[in-house]
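Residue numbers (this note's numbering), protein chains in the order written: chain P, 1 to 350; chain D, 1 to 403.
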């Protein structure tokens, strides 16, 4: 390890080893002052990323050894605990020594389905609660579009130049159908479109698939934590598990909404539990107005118990707003879940 | 729909969705045990080919008579190995075409008769299936090769009837000292229609004028109508069988026995009150207790072959503790149970399920059917199968039909 105090940051090029989940290793050279992600792309190695500005967390990686630091001149979305654990956002990471990082997706993830830009058609838009719309799009025939359960696409709000990101709630096998759950936000561009203008047959620009939040194979217990419309990619994952071969793992879905009156998709998640005896549900709401609702008071992280993560090999999938993800990571760490077995996708309502 | 997202009813789930996986199971449930052949159908030196849930399977005896099951498609040119038996050793399965010879234990290519130094040897293989043989029946665990651990056969059979369900329990098909005989034949309907016919409490009408019923003067109702939810019991044994039982037990009095119909004047003529109990078990196994006569049992298996055919297995099971018992059982089986029961009586069932096939296959029957008060147990079965299957079999790659 070099003495960091005496050496100016990134004064020279370093070699970085990228270790993918499937065991494949790739080596890149990162020039002085160059971000790791930029270096990889320059050397034609596809890495999962989106915003390239330190915000979206899509390009997160785990430092295994060496010295990689987040660019101090740039704001980013990692919390200090994650930095200490060695988490790095490669789009904003500088190399201070030869290093290696582990990426929690297979090396061929992007090769098999690079993002595509296409125009889809609105098939249906339905209010599933007072605040959530289920939007069903139909992709055009003949496009080379595939994805993994858990991934998302960007969608251009019709009549605007604004883009939004939504995870698919449907399965790849349901293509050309794409199903999304969209929370309505007062004054939001997509919300305005969905409530006031949307009609079947409308054309919508779509780009994707994006994201590395994908289901892994593991026989260990699975804990899914979903806040609000964060349940969308989790539904897709549960349906994937139901259909894939092999023995199903024990599963817990902790799903919460702001209040019982805003709780949505209860029938849908209860169906999954009816179809899979391995799946337990814990449904919660921050505000329970009607005790007969049967919802647990609290958020989907608070209601987790030590028994839920009793198996040290437990894997966890989190999807919800950033504070929920942070709280869930902390709580699961406390309960003994290996941070490397926690996969997350955060979203910001807009 | 107007402009903007439409409002949907709070309860948006249709009843069909509660058993959606069952509706997907056109080709059967995978990762379950199914009967594949009778012991006598797989003699030494024969390769017996069967198809279960789209899986083409070759059965062959090896060392010590043990039955092995392997994929019935040669890796070389894809012919069915069972098309012509070529049995050279008791450790190998040899394809009759170019002599690709696979190990019975592991399916690995051990040699090629026509090309013994071939680079393929040791590298390629065909898949194998777990088997079990008992009481004259051969069972195969059909599904994903990587499904581990393979659950016990008993988890895919009706439960062994406990004393609290019947002070004189009928025999269990896998027990020693048990008489097990039967037939199997191919039915031209999807396996699910066969299951649903098998224990539907309204279907007894099709047996109304059957020679067996008339000859025994049995009082078989026009229909058995459940009076309350308790009439149907779901049985979920941990790590064990999952089933649904019609509690026809006389002392429970949970059914109305419909013996006449006022509008048409029709009525049943039999005088002998008679008690049976039926239950259906995942992946599609019927147990009829005390049938065809008291203290005997009839098991039925509706084994999916493809999406429009099932193999209908009808097995008579009884206690058999001595050579004398066996002789008597053979006599009754040969001269009564098989001709009058398995054939004469159950031909009506086969007729009924084949009659349903067109509607469900071609006319969207699963959505168009109009169920009635008799059908609670049918829907109960669908939910049970949707929940406790170990996987839904996808159509095989070669299936021409679009699913």
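Idealized CB from N, CA, C, for every residue including glycine.
For residue 327 (chain P), the closest Cβ of chain D is not nearer than 9 Å. Within chain D, the residues 5 have their CB atoms less than 7 Å from the CB of residue 133 (chain P), given in chain order. Between the alpha carbons of residue 106 (chain D) and residue 76 (chain D) lies a gap of roughly 17 Å. Sequence-ordered contacts of the stretch 373-398 of chain D with chain P read 383, 386, 387, 388, 390, 391, 392 [C-beta pairs closer than 8 Å].
At least one CB atom of chain P sits nearer than 9 Å to the CB of residue 146 (chain D).
Leaving aside the five residues that flank residue 234 (chain D) on each side, the residues in its chain whose CB is nearer than 7 Å to its CB run, in chain order, 244, 380, 384. Between residue 190 (chain D) and residue 357 (chain D) a beta carbon distance of about 7 Å is seen, short of the 8 Å cut, so the two are scored as contacting. Residue-level contact check: residue 121 (chain P) does not touch chain D, since none of the beta carbons of chain D fall below 9 Å from its beta carbon. Residue burial is scored here from C-beta neighbours: residue 28 (chain P) has at least 16 other C-beta atoms within 10 angstroms and is therefore classed as buried. Shown here for residue 168 (chain P): same chain residues with a beta carbon closer than 6 Å to its own, the five before and five after excluded, namely 178, 236 in chain order. At the C-beta level, residue 263 (chain P) and residue 293 (chain P) come within 9 Å of one another. Assignment of residue 43 (chain P) by DSSP, reduced to helix, strand and coil, places it in the coil class. Following the DSSP letters along the chain, one finds residue 325 (chain D) inside the alpha helix (DSSP H) bounded by residues 323-332. No residue range can be given for residue 150 (chain D), since it is assigned to no beta strand (DSSP E) and is classified by DSSP as neither H nor E. The beta strand (DSSP E) runs of length 3 or more contained entirely in the stretch 192-238 of chain D are, from start to end of the chain, 223-226, 232-236. Put simply, of D:133, D:7, D:28, D:308 the residue whose alpha carbon is nearest the alpha carbon of residue 42 (chain D) is D:133. Within chain D, the residues 3, 4, 5 have their CB atoms less than 9 Å from the CB of residue 198 (chain P), given in chain order.
Judged by DSSP secondary structure, residue 272 (chain D) falls outside any beta strand (DSSP E); it is assigned neither H nor E. When secondary structure is reduced to three states using DSSP, residue 156 (chain D) falls in the helix class. Contact residues of the stretch 199-215 of chain P toward chain D are 199, 200 (C-beta to C-beta distance below 8 Å). Under the three-state reduction of DSSP, residue 311 (chain D) is assigned to strand. For residue 26 (chain P), the enclosing beta strand (DSSP E) covers residues 25-30.
When the alpha-carbon of residue 35 (chain D) is set against those of D:102, D:3, D:129, D:5, the nearest one is in D:129. Annotation for residue 298 (chain D): no alpha helix (DSSP H) segment contains it, though the beta strand (DSSP E) segment containing it runs 297-304.
Taking 9 Å as the CB threshold, residue 17 (chain D) lines the interface with chain P. Contact between residue 259 (chain D) and residue 222 (chain D) holds, since their C-beta atoms are separated by about 7 Å, short of 8 Å. Beta-bridge partners assigned by DSSP to residue 139 (chain D): D:35, D:132. Distances from the CA of residue 117 (chain P) to each of P:101, P:125, P:99, P:156 were compared; the closest alpha carbon is that of P:156.
Contact between the stretch 222-229 of chain P and the stretch 247-254 of chain P is present: three or more C-beta pairs spanning the two stretches fall below 8 Å.
Residues of chain P whose Cβ lies closer than 8 Å to the Cβ of residue 241 (chain D) do not exist, since the nearest Cβ in that chain is about 14 Å away. DSSP, read as helix, strand or coil, puts residue 356 (chain D) in helix. Residue 59 (chain D) and residue 37 (chain D) have their C-alpha atoms some 9 Å from each other. Collapsing the DSSP output to three states places residue 48 (chain P) in coil. Take residue 57 (chain D), set aside five residues on each side of it, and the residues of its chain with a beta-carbon closer than 8 Å to its own are 36, 49, 50, 51, 69, 70, 71, 72, 129, 140, 142, in chain order. Identification of residues in the stretch 19-42 of chain D having a C-beta nearer than 9 Å to some C-beta of chain P yields 19, 20, 21, 24, 30, 31, given in sequence order. Contacts between residue 195 (chain P) and chain D, judged by CB atoms closer than 8 Å, involve 4, 5 in chain order.
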